[in-house]
Structures are given as structure tokens and as C-alpha cells.
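I have placed the structure first, in the form of C-alpha cells, so that the comments after it can refer back to it.
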Amino acid sequence: VREVDTSGWIAGDFHLHAEASFDSGMVFEERLRRVLIEGVELAVATDHDIVADYRPALRNIGAYDRLTTGIGVELSTLELGHFIAFPLKYDQSVIPDHGAPDWTCLDGPGIMSLLSDKIDDPDGGVRIMAHPRDGFIGHISQIGLDGLAESRSLSLLEAENVLLAQTTCDIDAMEVFNSKRFDLVRSPTNAEVIIYNRCYQRIDDAEDQAALDLACPELSPGSALATCASDERLSECKQRHRRRLAYLAAREILTRTPEEQLAIWTHVPGDSDDDQCTPANYPDEIPAAIRDLPCVEHPGTYDDWMRWLDKGLNVTITGASDSHGNEREPGSPRTWVRLDAEPGHIDVGEAARAVRDGHALASFGPFVRTSVGGKEPGETATVSGETFELALDVRTASWFGVDRIEIYVSGLLEEVIELDHGPEVVQDFGGTVTLPVPDEDGFVAVIALGTREENLMRKVVTDVPFGELQLPRVASLAFGAIPAFSLLFTPTPAVPDFFPVFPMAASNAILLDVDGDGRWAPPGPLPSFCARPCTEETEDEVCVDRERCLPAGFCGLPLEGQCVTGPPGTEWSIITSE
102 VREVDTSGWI AGDFHLHAEA SFDSGMVFEE RLRRVLIEGV ELAVATDHDI VADYRPALRN
162 IGAYDRLTTG IGVELSTLEL GHFIAFPLKY DQSVIPDHGA PDWTCLDGPG IMSLLSDKID
222 DPDGGVRIMA HPRDGFIGHI SQIGLDGLAE SRSLSLLEAE NVLLAQTTCD IDAMEVFNSK
282 RFDLVRSPTN AEVIIYNRCY QRIDDAEDQA ALDLACPELS PGSALATCAS DERLSECKQR
342 HRRRLAYLAA REILTRTPEE QLAIWTHVPG DSDDDQCTPA NYPDEIPAAI RDLPCVEHPG
402 TYDDWMRWLD KGLNVTITGA SDSHGNEREP GSPRTWVRLD AEPGHIDVGE AARAVRDGHA
462 LASFGPFVRT SVGGKEPGET ATVSGETFEL ALDVRTASWF GVDRIEIYVS GLLEEVIELD
522 HGPEVVQDFG GTVTLPVPDE DGFVAVIALG TREENLMRKV VTDVPFGELQ LPRVASLAFG
582 AIPAFSLLFT PTPAVPDFFP VFPMAASNAI LLDVDGDGRW APPGPLPSFC ARPCTEETED
642 EVCVDRERCL PAGFCGLPLE GQCVTGPPGT EWSIITSE
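Quick look at the structure:
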């Protein structure tokens with residue numbers, strides 16, 4: 102039963118895998134059946150380095166009037182992370198990749214240019230940075246970008262990789278929600294990471310039920326994390342405690358107080374930051390001065406996005422399931438796109454352009470509408486005086502709910518709305534909120550979140566298994582077990598790797614024109630990974646940290662050498678000023 106009015110919007114999943122991908126065996130027809138079951142209305146095929154077309158399978162199952170499919174690709178580089186682009190052309194005669202872009206020996210600017218050339222849309226389509234903070238398959242992680250310090254630090258394995266010399270921010274969108282990886286969304290505080298690791302260690306060390314009951318007073322004061330049966334094995338009881346700990350810790354990380362956000366937003370990074378969320382360094386009290394500061398080992402995509410916005414880089418945030426097989430439902434999460442179209446008659450190019458222009462909502466369930474003076478996300482609203490009004494409507498189906506709304510103005514958490522009803526309420530919030538006008542051109546964005554157990558989505562949506570190993574983690578463990586490589590992999594403090602699926606939605610930004618000139622122009626400068634023209638004379642002024650003015654006339658790391666990737670027998674390309 103459709104309980105939430107989503108008229109004027111379509112539900113899209115722009116990151117799906119099926120039989121064309123090397124890591125998915127799901128046939129196209131079964132992929133589309135699962136897409137239909139989840140209420141997705143635009144499904145884009147994004148197999149790894151292969152262009153696939155769902156339309157024949159859609160004919161086979163007779164669902165043309167219920168679903169539109171798009172042709173895309175997940176360009177899966179070895180050095181620079183993964184990128185999605187659509188709509189693309191599908192060429193049956195090109196075997197085996199049907200015209201997929203070849204990323205061999207291309208740096209960031211080259212990849213963005215290649216994707217633009219491949220898009221089959223005169224108005225440009227959309228290019229999406231997939232799971233940007235997910236280790237070596239995430240672009241922002243791979244280029245070594247420090248989200249706070251605005252500098253880059255490459256790992257020892259990548260220190261001489263010439264493809265990482267120059268970076269670019271010429272990207273249309275990024276996945277702030279990918280799969281059910283809630284650990285990649287927000288930057289945890291030092292205290293949140295230390296407490297989680299302390300409690301986890303106490304659970305591991307417990308030799309009986311009594312010790313388990315005392316494992317985590319920080320998150321479960323006055324009671325045990327979980328209740329275990331008298332005849333239950335200690336090992337099974339420990340696992341129950343770990344799952345409960347992971348839920349409570351993840352909930353703390355996903356929610357932000359105004360005090361925490363102020364400490365994170367205004368923090369000036371220093372050399373000591375690297376050790377401030379290491380539990381072993383604080384066996385007793387956590388110093389008050391570092392509690393609310395960000396754990397630099399786990400930067401979050403949403404926090405990256407707000408910092409970029411504050412510097413004038415407006416990238417659309419999206420959500421996508423990255424579904425490969427049975428365990429991740431398509432559309433969990435999804436991107437709602439502001440487009441008035443029937444499910445079987447969606448113009449894929451129009452949808453891509455709407456995403457690129459910020460007319461989108463990333464969501465694990467909640468449906469959120471926001472506006473300022475009639476202007477919606479992706480648009481610019483002129484505001485003046487001391488305050489402005491945000492019109493806000495948050496809705497959820499009656500089997501899950503929202504109990505917390507956070508409203509950010511130019512990076513600061515200016516309003517927290519706590520709701521005390523359960524999931525049965527469909528309109529969780531409706532009304533206007535008065536907010537302060539920022540000093541300079543800025544933005545307003547909203548997060549809606551369900552934190553209490555009765556509001557979670559586990560009645561319908563499956564949890565992420567406890568201890569699930571992701572691809573970058575597997576690689577780190579594998580290399581770390583080899584003595585010759587172990588020095589290259591520095592262990593980092595853990596964050597939860599089990600999640601019930603929290604109802605969560607993140608709106609795109611409504612841009613605020615404060616000076617009244619009719620345009621959005623924050624003072625900047627743009628983030629440091631954007632291409633910055635330079636000369637030898639301006640190098641010290643324009644380039645940051647270890648960067649120099651490269652022969653091409655842009656700031657970058659002074660790396661020299663050959664590109665050493667590509668099919669056997671190919672001539673390696675030399676990265677030169679040309």
C-alpha cells in the first residue's frame with residue numbers, strides 16, 4: 102500500500118549489478134523482478150567495466166509499464182576508485198564490453214573527460230563518484246585526501262603512482278549512501294570510537310556472564326548490553342552483546358549534537374590528531390578537550406560534502422544499493438529524483454540531468470521535502486535579515502519511522518527536532534522552522550533519522566550481517582598477513598561493522614544567496630583536490646602542502662614515472678606535461 106505521496110518524484114537506483122559483472126551471477130530478469138518488488142521506478146545497469154542493457158529482460162517479464170531501465174557503467178579502476186556514468190550507448194557488436202570506457206593509464210581529469218565523452222546525452226548526463234571513502238575502491242580515499250586539513254597523503258603503495266599526481270573535482274554527484282555502509286556516512290568523534298573499542302575489548306575479554314554484564318556502562322548504563330539464556334554458550338552470548346554494542350555505537354555515530362558539530366566544524370587539524378581516537382592512548386578518562394573532535398581515521402562522506410559546499414563546490418549527494426546478489430535489496434538505499442513522470446515512461450536523460458542539478462534526495466526510507474521561499478534542493482534562495490524560514494515535510498510508511506531531524510546551515514547544526522511517536526505515524530513532521538541567516542552565501546540541508554528500535558526497518562529490510570568483511574578490508578587483512586607488506590598497513594581503531602538498517606534520508610542543499618546579488622558564490626577557495634591553475638611564480642601561494650606547479654600548469658604532487666597498469670603487451674603511457 103502506498104502510504105506516502107511521492108507525486109512529482111521518481112525512485113531510482115543508479116548502482117546495480119547482475120550477470121554482466123564478474124562478481125554477480127544474478128540473471129537480468131531476476132534482477133528486474135527484485136527491482137520491481139522494492140518499488141524502484143528507474144533502474145540503471147552499472148556493471149563493472151561492461152555496458153549492459155536491461156530492456157530485453159524487461160520485455161521478457163512484461164513490465165514495461167512499471168519500470169524504466171537505463172544504460173550505464175561502473176568504471177572500476179585499480180588506482181583511482183570507481184565511477185558511475187549514465188546514460189551510455191549500448192553497442193551489441195563490441196565484444197565483450199559493449200563499448201565500456203577504457204580507464205587504462207588515465208588520471209582523474211582524464212577519467213572525467215572520458216566519461217563525459219561516453220555519455221549518450223547532448224546535455225551531459227551524470228557522472229557519480231561511487232563509495233568515495235571505501236578504501237582502494239573509493240576515489241577520495243585513494244587520492245589520500247584529508248577532509249579536514251585539505252591536503253593529500255598517499256600510502257606507501259601509492260607514493261610513486263603518477264596517476265595520482267593531479268586530481269580533479271569535475272564530478273557531478275557522489276554516493277553519500279552506498280549499500281548499507283553506515284560506517285562511511287559520518288565522521289565519528291574520538292570519544293565514540295574509543296568507547297566502542299573499549300566495550301568490544303571487554304566483551305572479548307569476558308570469562309563469564311557477570312563480566313559481560315559490565316562490558317559497556319558507557320552505552321548501556323545500569324544494565325547489560327543484552328540478555329542471554331542460562332543455558333546459552335558464552336561464545337554465543339558474546340556475539341549477542343557485540344551486535345547490541347554495534348547498534349548502540351552506530352546510533353551514536355550517526356547522530357550529532359550541536360556541540361559535537363561545532364567542535365568538528367571549527368577544528369583546526371594538528372599533528373596529534375592521528376592518535377586521538379586510539380583507545381590504548383586513553384585507558385582511563387577521555388580528555389574533555391578531544392572528546393568531540395573528529396576521529397581522523399574515519400572521515401565520513403556527508404561531512405566531506407558539507408565542507409566542499411562551504412567552499413563553493415556543489416556536488417549532488419545520492420543513495421544507491423550497490424546490489425550484487427540476494428542479500429542487498431535494490432533501492433536500499435535509493436535516490437528520489439524531482440521529476441514528474443510515470444514509472445514506465447521516464448526519460449533517462451532528464452533524470453540524469455535532474456540528479457546532476459541537485460534535484461534529488463538520498464534515502465534509506467524517509468521521504469523529505471524542503472524549500473526556502475519556494476526554492477527546493479538544487480536551487481538558490483535569496484535570504485536576508487537575521488532569520489529565514491525552512492518549509493519541511495518528513496514522511497515514512499507506517500512500519501518504520503523518524504524520531505530525529507537535524508538541520509544544518511552552512512555546516513553548523515542549527516536545529517534538532519526530536520519526535521516521540523512510533524512508526525505508525527506517516528507524517529513524522531510538517532511545518533516551518535526558523536533558522537539563522539549565515540554571514541555569507543551558504544546552504545541549508547536536512548537529515549531525517551530513525552534511531553529507536555521500534556522505528557528501524559528490519560521488519561522488511563535485512564540487517565547487515567555482523568562482522569561482514571568488505572573488499573578493501575579483505576585486501577588489507579590479506580596484505581597485512583604478509584610480513585613484507587605488513588608495515589604498509591597501519592591498523593586503525595575499529596568502528597561498528599554490523600548495522601540494523603536505520604531509516605535515514607539526506608536532502609541535497611538549498612543554496613542561500615545572502616548578499617542579494619542573485620547568485621550563489623561562497624568565498625572559497627575551492628577544495629584542494631580541484632584543479633588549480635598555477636605558475637612557478639604563484640606556486641607557493643596557490644598550491645598546498647607538498648604540491649608543486651606541474652608542467653601542465655596545475656597544482657599536483659611532483660610524481661614522475663610510467664603508468665604501469667593495463668592489458669599485457671600494451672605500450673605503457675608516460676605521464677608528461679602534454
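My numbering numbers the first residue of the sequence shown as 102 and each following residue consecutively. Quick reminder that beta carbons are idealized off the backbone N, C-alpha and C, glycines included.
> In this structure, what does DSSP give as the bridge partners for Lys190?
Replying inline: Translated into the one-based positions of the sequence shown, residue 190 becomes position 89. Paired residue(s): none; Lys190 is not in a bridge.
> Mind checking Asp598: buried by the 16 CB within 10 Å criterion, or exposed?
Replying inline: Looking up residue 598 in the sequence shown gives position 497. Buried is the call here.
> From this set, Glu130, Glu131, Ala146 and Ser125, which residue's C-alpha is nearest Phe115's C-alpha?
Replying inline: Indexing the sequence shown from 1 puts residue 115 at position 14. For Phe115, the nearest C-alpha among the options comes from Ala146.
>> One question on the structure: do Val128 and Asp150 come within less than 8 Å of each other, judged by their Cβ atoms?
In response: The residue you call residue 128 lines up with position 27 of the sequence shown. The residue you call residue 150 lines up with position 49 of the sequence shown. Not closer than 8 Å, so no.
> Given that a residue counts as buried once 16 or more other Cβ atoms are within 10 Å of its Cβ, and exposed if not, what is Asn161?
Replying inline: What you label residue 161 is simply residue 60 of the sequence shown in a count that begins at 1. Exposed, because fewer than 16 other Cβ atoms sit within 10 Å of the Cβ of Asn161.
> Taking contact to mean at least 3 C-beta pairs separated by less than 8 Å, is the stretch 295 to 313 in contact with the stretch 238 to 247?
Replying inline: no
> Nearest to Leu346 by CA position, among Glu130, Leu326 and Met407, is which residue?
Replying inline: Numbered from 1 along the sequence shown, position 245 holds the residue referred to as residue 346. Closest option to Leu346, Cα to Cα, is Leu326.
> For chain C, is any of its Cβ atoms less than 8 Å away from the one on Ala311?
Replying inline: Included in the structure is just one protein chain, with no chain C present.
> Looking at the unbroken alpha helix (DSSP H) that takes in His342, where does it start and where does it end?
Replying inline: Within the sequence shown, residue 342 is the residue found at index 241, counting from 1. Its alpha helix (DSSP H) spans residues Leu335 to Leu355.
> In terms of residue numbering, what span does the alpha helix (DSSP H) encompassing Phe129 cover?
Replying inline: Translated into the one-based positions of the sequence shown, residue 129 becomes position 28. Per DSSP, Phe129 belongs to the alpha helix (DSSP H) from Phe129 to Ile138.
> So is His446 buried or exposed if we call it buried at 16+ other beta carbons inside 10 Å?
Replying inline: Numbered from 1 along the sequence shown, position 345 holds the residue referred to as residue 446. Per the 10 Å Cβ criterion, exposed.
> At what residues does the alpha helix (DSSP H) containing Asn161 begin and finish?
Replying inline: Position 60 of the sequence shown, counted from the start, is the residue given in the question as residue 161. Arg156 to Ile162 is the extent of the alpha helix (DSSP H) around Asn161.
> Residue ranges of each alpha helix (DSSP H) run of no fewer than 4 residues wholly in the stretch 376 to 433, ordered along the chain?
Replying inline: 389 to 392 and 402 to 411
> Around the Cβ of Lys281, are there at least 16 other Cβ atoms within 10 angstroms (buried) or fewer (exposed)?
Replying inline: Position 180 of the sequence shown holds residue 281. When all chains shown are included, Lys281 counts as buried.
> From Gly670 to Asp218, what distance separates their C-alpha atoms?
Replying inline: Counted from its first residue, the sequence shown places residue 670 at position 569. Counted from its first residue, the sequence shown places residue 218 at position 117. Per-residue confidence for Gly670 stands at a pLDDT of 49, beneath the threshold of 50, marking its modelled position as unreliable; the derived number appears in the next sentence. Taking the straight line from one Cα to the other gives about 26 Å.
> Grouping DSSP H, G and I as helix and E and B as strand, with all else coil, what is Cys279?
Replying inline: As a working note, residue 279 is residue 178 in the sequence shown. The question names Cys, but residue 279 is Asn in the sequence shown. Asn279 falls in the strand class under three-state DSSP.
> Can you list, in chain order, the residues of its chain whose CB lies under 8 Å from that of Val277, leaving out five sequence neighbours each side?
Replying inline: Walking along the sequence shown from the start, residue 277 turns up at place 176. Closer than 8 Å at Cβ, skipping near neighbours: Val286, Thr402, Tyr403, Trp406, Ile418, Thr419, Gly420, Ala463 and Ala607.
> Looking only at C-alpha atoms, which of Glu555, Glu541, Asp564 and Val517 sits nearest to Val547?
Replying inline: For the purposes of this step, residue 547 is identified with residue 446 of the sequence shown, where counting begins at 1. Of the listed residues, the one whose Cα sits closest to Val547 is Val517.
> Of all the beta strand (DSSP E) runs that stay within the bounds of the stretch 541 to 568, which reach a length of 3 or more residues?
Replying inline: 543 to 550
>> Let me confirm a value: Pro431 is counted as buried when at least 16 other C-beta atoms fall within 10 Å, else exposed. Which label applies?
In response: In the sequence shown, counting from the first residue as 1, residue 431 sits at position 330. Its Cβ being crowded by 16 or more others within 10 Å, Pro431 is buried.
> So Glu293 is in the alpha helix (DSSP H); what residue range does that whole segment cover?
Replying inline: Translated into the one-based positions of the sequence shown, residue 293 becomes position 192. Looking at the DSSP string, the run of the alpha helix (DSSP H) that includes Glu293 is Asn291 to Asp306.
> For Ala312, does the three-state DSSP call read helix, strand or coil?
Replying inline: Locating residue 312 in the sequence shown gives position 211, where the first residue counts as 1. In the structure shown, Ala312 sits in a helix (DSSP, three-state: H, G or I).
> When DSSP labels each residue in this structure, what does Ala325 get in the three-state scheme?
Replying inline: Mapped onto the sequence shown, residue 325 falls at position 224. Coil, per DSSP.
>> Quick check on the DSSP output: the beta strand (DSSP E) that includes Ile111 runs from which residue to which?
In response: The residue labelled residue 111 in the question sits at position 10 within the sequence shown. That run of the beta strand (DSSP E) goes Trp110 to Leu117.
> Which residues does DSSP pair with Tyr509 in a beta bridge?
Replying inline: The sequence position of residue 509 within the sequence shown is 408, counting from 1. Answer is Leu514 and Ala546.
>> Is it buried or exposed, Trp673, if we count other Cβ atoms within 10 angstroms and call 16 or more buried?
In response: The residue given as residue 673 occupies position 572 in the sequence shown. Caution applies to Trp673, whose pLDDT of 44 falls short of 50 and renders its modelled position unreliable; the value that the coordinates give is listed next. Classification for Trp673: exposed.
> Going by alpha carbons, who is nearest to Ala549 out of Arg470, Ser125 and Ala390?
Replying inline: Looking up residue 549 in the sequence shown gives position 448. Looking at the Cα atoms, Arg470 is the closest of the given residues.
> Gln267 by DSSP, collapsed to three states: which one?
Replying inline: The residue you call residue 267 lines up with position 166 of the sequence shown. Coil.
> Which residues in the same chain as Pro624 place their Cβ atom closer than 7 Å to its Cβ, once the five residues preceding and following it in sequence are excluded?
Replying inline: If you number the sequence shown from 1, residue 624 lands on position 523. Contacts found: Glu541.
> Which residues in the same chain have their Cβ closer than 7 Å to the Cβ of Gln362, if we skip the five residues on either side of it in sequence?
Replying inline: The residue you call residue 362 lines up with position 261 of the sequence shown. Cβ neighbours of Gln362 beyond the five flanking positions: Leu513 and Leu514.
> In terms of alpha-carbon separation, which member of Arg228, Gly662, Glu293 and Asp148 lies closest to Pro594?
Replying inline: Working through the sequence shown from its first residue, we reach residue 594 at position 493. The residue with the shortest Cα to Cα distance from Pro594 is Glu293.
> My guess is that Ile229 and Phe283 are in contact by the Cβ rule of under 8 Å, so how many angstroms apart are they, rounded?
Replying inline: For the purposes of this step, residue 229 is identified with residue 128 of the sequence shown, where counting begins at 1. For the purposes of this step, residue 283 is identified with residue 182 of the sequence shown, where counting begins at 1. Actually they are not in contact, since the Cβ atoms of Ile229 and Phe283 sit about 19 Å apart, beyond 8 Å.
>> If I measure Cβ to Cβ from Asp441 and keep anything under 6 Å in the same chain, skipping five residues before and after, which residues do I get?
In response: Walking along the sequence shown from the start, residue 441 turns up at place 340. Counting only Cβ-Cβ distances below 6 Å, and skipping sequence neighbours, we find Gly109.
> Looking only at its own chain, which residues have a Cβ that is under 6 Å from the Cβ of Arg103, when we skip the five neighbours before and after it?
Replying inline: Counted from its first residue, the sequence shown places residue 103 at position 2. For Arg103, where only same-chain residues beyond five positions count, there are no Cβ hits under 6 Å.
> For the stretch 334 to 352 against the stretch 372 to 382, are there 3 or more C-beta pairs whose distance is under 8 Å?
Replying inline: no
> Which two residues bound the contiguous alpha helix (DSSP H) that contains Pro359?
Replying inline: Reading the sequence shown from its first residue, position 258 is the one you call residue 359. Residues Pro359 to Trp366.
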